[in-house]
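Number of protein chains: 2
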Amino acid sequence: MPDPALGLVEVVGTGLVGTSIALAARRAGLDVVLSDLSAEHVRTATGLGAGHARRTDDRPALVVVAVPPDHLGAAIAAALSDGDALVTDVGSIKGRPLREVAERVDAAALTRYVGSHPMAGSERSGPLAASAALFDGRPWAVTPHATSSPEAVAAVAALVELCGAVATTLSPEEHDLAVARTSHLPHLAAVLVAGRLAGAPAEHLALSGQGVRDVTRIAASDPALWQQILAANAAAVTDLLGELREQLDGLIDAVRDGRRDALGEILSAGVSGTAAIPGKHGAPVRPMRSVFVSVPDHPGELARLFGDAGEIGVNIEDVHIDHDPGRPVGLTELVVEEDRAEHLLGALESRGWTTHR
Amino acid sequence: MPDPALGLVEVVGTGLVGTSIALAARRAGLDVVLSDLSAEHVRTATGLGAGHARRTDDRPALVVVAVPPDHLGAAIAAALSDGDALVTDVGSIKGRPLREVAERVDAAALTRYVGSHPMAGSERSGPLAASAALFDGRPWAVTPHATSSPEAVAAVAALVELCGAVATTLSPEEHDLAVARTSHLPHLAAVLVAGRLAGAPAEHLALSGQGVRDVTRIAASDPALWQQILAANAAAVTDLLGELREQLDGLIDAVRDGRRDALGEILSAGVSGTAAIPGKHGAPVRPMRSVFVSVPDHPGELARLFGDAGEIGVNIEDVHIDHDPGRPVGLTELVVEEDRAEHLLGALESRGWTTHR
Numbered sequence: 001m002p003d004p005a006l007g008l009v010e011v012v013g014t015g016l017v018g019t020s021i022a023l024a025a026r027r028a029g030l031d032v033v034l035s036d037l038s039a040e041h042v043r044t045a046t047g048l049g050a051g052h053a054r055r056t057d058d059r060p061a062l063v064v065v066a067v068p069p070d071h072l073g074a075a076i077a078a079a080l081s082d083g084d085a086l087v088t089d090v091g092s093i094k095g096r097p098l099r100e101v102a103e104r105v106d107a108a109a110l111t112r113y114v115g116s117h118p119m120a121g122s123e124r125s126g127p128l129a130a131s132a133a134l135f136d137g138r139p140w141a142v143t144p145h146a147t148s149s150p151e152a153v154a155a156v157a158a159l160v161e162l163c164g165a166v167a168t169t170l171s172p173e174e175h176d177l178a179v180a181r182t183s184h185l186p187h188l189a190a191v192l193v194a195g196r197l198a199g200a201p202a203e204h205l206a207l208s209g210q211g212v213r214d215v216t217r218i219a220a221s222d223p224a225l226w227q228q229i230l231a232a233n234a235a236a237v238t239d240l241l242g243e244l245r246e247q248l249d250g251l252i253d254a255v256r257d258g259r260r261d262a263l264g265e266i267l268s269a270g271v272s273g274t275a276a277i278p279g280k281h282g283a284p285v286r287p288m289r290s291v292f293v294s295v296p297d298h299p300g301e302l303a304r305l306f307g308d309a310g311e312i313g314v315n316i317e318d319v320h321i322d323h324d325p326g327r328p329v330g331l332t333e334l335v336v337e338e339d340r341a342e343h344l345l346g347a348l349e350s351r352g353w354t355t356h357r
Numbered sequence: 001m002p003d004p005a006l007g008l009v010e011v012v013g014t015g016l017v018g019t020s021i022a023l024a025a026r027r028a029g030l031d032v033v034l035s036d037l038s039a040e041h042v043r044t045a046t047g048l049g050a051g052h053a054r055r056t057d058d059r060p061a062l063v064v065v066a067v068p069p070d071h072l073g074a075a076i077a078a079a080l081s082d083g084d085a086l087v088t089d090v091g092s093i094k095g096r097p098l099r100e101v102a103e104r105v106d107a108a109a110l111t112r113y114v115g116s117h118p119m120a121g122s123e124r125s126g127p128l129a130a131s132a133a134l135f136d137g138r139p140w141a142v143t144p145h146a147t148s149s150p151e152a153v154a155a156v157a158a159l160v161e162l163c164g165a166v167a168t169t170l171s172p173e174e175h176d177l178a179v180a181r182t183s184h185l186p187h188l189a190a191v192l193v194a195g196r197l198a199g200a201p202a203e204h205l206a207l208s209g210q211g212v213r214d215v216t217r218i219a220a221s222d223p224a225l226w227q228q229i230l231a232a233n234a235a236a237v238t239d240l241l242g243e244l245r246e247q248l249d250g251l252i253d254a255v256r257d258g259r260r261d262a263l264g265e266i267l268s269a270g271v272s273g274t275a276a277i278p279g280k281h282g283a284p285v286r287p288m289r290s291v292f293v294s295v296p297d298h299p300g301e302l303a304r305l306f307g308d309a310g311e312i313g314v315n316i317e318d319v320h321i322d323h324d325p326g327r328p329v330g331l332t333e334l335v336v337e338e339d340r341a342e343h344l345l346g347a348l349e350s351r352g353w354t355t356h357r
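Protein chains in written order, with the UniProt record's numbering: chain S, 1 to 357; chain L, 1 to 357.
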């Protein structure tokens with residue numbers, strides 16, 4: 001069902017993110033027109049069902065600027081000057097583009113702009129990698145400046161919602177500090193680790209497991225794009241790299257000198273850090289409930305319980321087992337989403353399990 | 001079908017890896033007995049179908065020692081001294097346990113030992129996280145020493161095969177150098193990045209995407225286990241951390257001073273590094289073949305092609321599009337596994353696509 005508030009959407013820049021937004025907008029029933037310096041990208045995006053090439057007489061209501069950081073300010077300013085559309089962008093940094101736009105357009109035009117940034121993507125690039133589902137459940141930063149109009153903010157909020165994302169509002173400055181920590185620092189760590197792999201003996205690299213793949217995955221991203229992102233956020237990134245170096249110095253000392261307590265503290269700080277990352281997709285953590293099942297101590301009974309839970313279709317988030325040495329039956333605690341607990345209990349009982357509420 | 005060469009298998013240490021090996025051995029039809037300092041872990045593993053608690057009169061043919069690094073040498077030596085079983089271990093480091101074993105057993109017993117190390121696991125631990133499929137397609141290092149008997153090597157090779165893994169043979173010393181690079185360095189990078197997250201403002205952490213989750217995932221691993229692993233490989237790890245620090249210094253300079261060429265080189269070295277990681281699961285890269293399809297330049301035609309390929313069930317590994325501005329039809333190159341190419345071509349043709357061989 002088309003969103004009446006949004007009207008015609010133009011996407012400027014049909015790379016991964018731009019094309020994905022266009023596909024999501026088409027999925028929501030909106031008309032979408034596309035523009036890009038590369039006619040090939042527009043053709044590919046059109047072939048994927050993302051919209052039509054923009055014609056000169058098209059009058060978009062909302063323009064989404066999805067070009068690389070170096071050209072972002074100029075492209076946003078051009079979109080603002082080209083009519084009276086509301087304009088947003090999806091750039092990885094928010095401070096510098098805003099300054100560049102403010103230098104190029106008058107105060108009235110500037111009210112029609114609200115910056116934003118979907119926290120979605122991968123090491124892949126280009127329209128062929130795009131998907132309407134790219135933003136499902138993902139955070140999307142919305143960064144209005146002091147004079148952004150409520151109408152512009154509402155249009156961006158509607159875009160975020162139709163893309164299935166979760167909006168978080170913060171200032172452009174706070175955004176840039178945040179992504180230095182949650183995106184740019186991880187990216188650079190991945191790059192440095194990956195840099196130690198090229199040129200290593202093949203028989204060493206043969207021992208690559210899932211860990212190194214996970215850590216280095218994002219290091220395969222387009223270097224040209226990342227040069228631009230990091231240059232546009234140099235101060236915040238430099239600060240965090242300095243913190244990283246301090247910690248690395250402490251780690252080297254601890255490992256070299258066999259100081260296991262110091263090493264243990266660093267490792268534990270890592271565990272705490274992973275716990276600080278919000279639930280799934282930056283959404284609030286879902287309420288859980290524990291259900292208790294008596295499991296006879298026969299070989300394979302636990303496997304049977306998990307198999308039944310799988311068939312019942314309730315996801316088990318965590319498991320704890322209380323073995324009582326004095327009893328031949330163990331009490332197993334299954335942690336599930338609160339609104340699935342009763343269903344699981346009833347279904348397990350009907351399969352003969354003894355449960356405890 | 002039981003592997004006649006292997007006989008009764010004992011797993012010492014029913015954590016994630018030990019229990020998973022036991023489950024794989026049971027899947028292959030072998031009898032498995034389990035031991036662990038923790039009776040609870042044995043009960044849980046038994047409940048999962050991984051085998052039975054070891055009785056004193058059991059006579060295993062192969063003992064798999066899966067205990068943490070600090071106790072590894074002593075546990076291997078105990079297994080060698082307890083009968084005439086062949087013995088392997090799955091420890092993350094191979095040099096130090098071998099030295100500790102050699103100090104404890106005589107030359108004859110030492111021939112019955114071959115170290116090994118499956119490159120599988122995750123940040124999770126304990127028997128409840130175990131799976132018979134943990135090793136499917138994964139590399140498994142086999143590290144015989146100078147006096148390992150051919151019989152012992154063959155037994156370990158059979159174990160690797162029934163676990164569905166891919167064996168790579170190297171010396172204990174080369175193994176430790178390799179994993180310092182492919183496992184320990186990535187782990188520590190993940191830990192350092194994760195350490196910068198705890199204590200950050202919640203509104204910053206809300207902007208966490210897939211990248212930071214991938215980079216820091218392994219930092220959630222058990223600190224007690226990793227203290228032991230790193231202590232047992234301190235020299236190789238210290239060397240690599242020193243290399244990392246050098247590169248980090250260069251990176252800080254490049255970002256701070258806006259030296260984009262230098263930054264670009266570091267980023268490009270990261271891309272090369274990710275390309276150095278072997279195909280999937282450390283197995284040789286599968287041979288590919290390109291098939292060519294004419295795709296009319298109408299909106300959505302490309303999407304229709306990918307949809308058809310999906311229904312046909314052939315995985316598209318890569319895509320290239322050659323748009324000829326002079327023609328209304330684009331030539332699309334689909335890169336697929338060589339032995340799936342004919343099937344894809346025939347199925348696309350029967351759906352009306354014009355293909356080129």
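Glycine included, C-beta positions come from ideal geometry on N, C-alpha and C.
Buried or exposed, going by whether 16 or more other CB atoms sit within 10 Å of the CB of residue i?
| i | result |
| --- | --- |
| Gly-282 of chain S | With a pLDDT of only 47 at Gly-282 of chain S, under 50, the local geometry of the prediction cannot be trusted, and no value is derived from it. |
| Pro-97 of chain L | buried |
| Asp-36 of chain S | buried |
| Asn-315 of chain L | exposed |
| His-356 of chain S | exposed |
| His-41 of chain S | buried |
Between residue i and residue j, what straight-line distance do the alpha-carbon atoms span, to the nearest angstrom?
| i | j | result |
| --- | --- | --- |
| Leu-128 of chain L | Glu-317 of chain S | 12 Å |
| Leu-345 of chain L | Val-335 of chain L | 12 Å |
| Thr-88 of chain S | Val-63 of chain S | 6 Å |
| Ala-75 of chain L | Leu-159 of chain L | 19 Å |
| Gly-83 of chain S | Arg-59 of chain S | 8 Å |
| Ala-39 of chain S | Asp-257 of chain L | 36 Å |
| Val-17 of chain L | Val-90 of chain L | 8 Å |
| Leu-207 of chain S | Gly-126 of chain L | 23 Å |
| His-187 of chain S | Gly-313 of chain S | 36 Å |
| Ala-262 of chain S | Val-255 of chain S | 9 Å |
| Arg-104 of chain S | Leu-6 of chain S | 26 Å |
Taking 9 Å as the CB-CB cut-off, is residue i touching chain A?
| i | result |
| --- | --- |
| Thr-19 of chain L | The displayed structure is made up of protein chains S and L, and chain A is not among them. |
Note down, in chain order, every chain S residue with its Cβ under 9 Å from the Cβ of residue i.
| i | result |
| --- | --- |
| Glu-174 of chain L | Pro-201, Glu-203, His-204 |
| His-356 of chain L | Going along chain S, no residue has its Cβ under 9 Å from His-356 of chain L, so there is no contact; the nearest lies around 18 Å. |
Report yes if the C-beta of residue i is less than 8 Å from at least one heavy atom of the ligand MN; otherwise report no.
| i | result |
| --- | --- |
| Val-17 of chain L | Of the ligands one can find in the structure shown there are none, so the ligand MN has no counterpart to examine. |
Specify, as a first and last residue, the run of the beta strand (DSSP E) that residue i falls within.
| i | result |
| --- | --- |
| Phe-292 of chain L | 288 to 296 |
| residue 387 of chain L | Because chain L is modelled from 1 through 357, residue 387 of chain L falls outside the range shown and cannot be assessed. |
| Ile-321 of chain L | 318 to 322 |
| Pro-118 of chain S | 115 to 118 |
Give the interface partners of residue i over in chain L, defined as CB-CB distance under 8 Å, in chain order.
| i | result |
| --- | --- |
| Glu-243 of chain S | Arg-196 |
| Arg-213 of chain S | Ile-277 |
| Asp-297 of chain S | Arg-43, Thr-46, Gly-47 |
Who are the Cβ neighbours of residue i in its own chain at under 8 Å, not counting the five residues just before and after it?
| i | result |
| --- | --- |
| Ile-229 of chain L | Pro-69, Ser-92, Ile-93, His-184 |
| Ala-190 of chain L | Val-215, Thr-216, Arg-217, Ile-218, Ala-219 |
| Pro-4 of chain L | Because the pLDDT at Pro-4 of chain L is just 49, under 50, the model does not fix this residue reliably, and the point stays unresolved. |
| Gly-49 of chain S | Leu-23, Arg-26 |
| Thr-332 of chain S | Phe-292, Val-293, Ser-294, Val-295, Leu-302, Leu-305, Val-319, His-320, Ile-321, Asp-322 |
Here's a check: name, in chain order, each residue in its chain whose Cβ is nearer than 6 Å to the Cβ of residue i, leaving out the five neighbours to either side.
| i | result |
| --- | --- |
| Pro-2 of chain S | In this predicted model, Pro-2 of chain S has a pLDDT of only 47, less than 50, meaning its place in the structure is not dependable enough to derive any value. |
| Ser-221 of chain L | Glu-123 |
| Val-237 of chain S | Ala-180, His-184, Leu-230 |
| Val-142 of chain S | Ser-116, Val-156, Ala-167, Thr-169 |
Hey, could you find the ends of the alpha helix (DSSP H) residue i is sitting in?
| i | result |
| --- | --- |
| Val-17 of chain S | 16 to 27 |
| Thr-46 of chain S | 39 to 47 |
| Glu-10 of chain S | Looking at the DSSP string, Glu-10 of chain S is not in any alpha helix (DSSP H); the run it does join, the beta strand (DSSP E), is 9 to 12. |
| Leu-72 of chain S | 69 to 81 |
| Ala-231 of chain S | 223 to 231 |
| Thr-56 of chain S | Unbroken run through Thr-56 of chain S: none, as it is neither H nor E. |
Along chain L, which residues have their Cβ under 9 Å away from the Cβ of residue i?
| i | result |
| --- | --- |
| Ser-294 of chain S | Those do not exist, as Ser-294 of chain S stays about 12 Å from chain L at its closest Cβ, beyond 9 Å. |
Quick one: what's got a C-beta closer than 7 Å to residue i's C-beta in the same chain, skipping five residues either side?
| i | result |
| --- | --- |
| Pro-287 of chain L | Glu-338 |
| Gly-95 of chain S | Pro-172, Glu-173, Asp-176 |
Residues of chain S with CB closer than 7 Å to the CB of residue i, please, in chain order.
| i | result |
| --- | --- |
| Ser-183 of chain L | Gly-209, Gly-211, Val-212 |
Strictly below 7 Å CB to CB, what residues from chain L border residue i?
| i | result |
| --- | --- |
| His-187 of chain S | Gly-211 |
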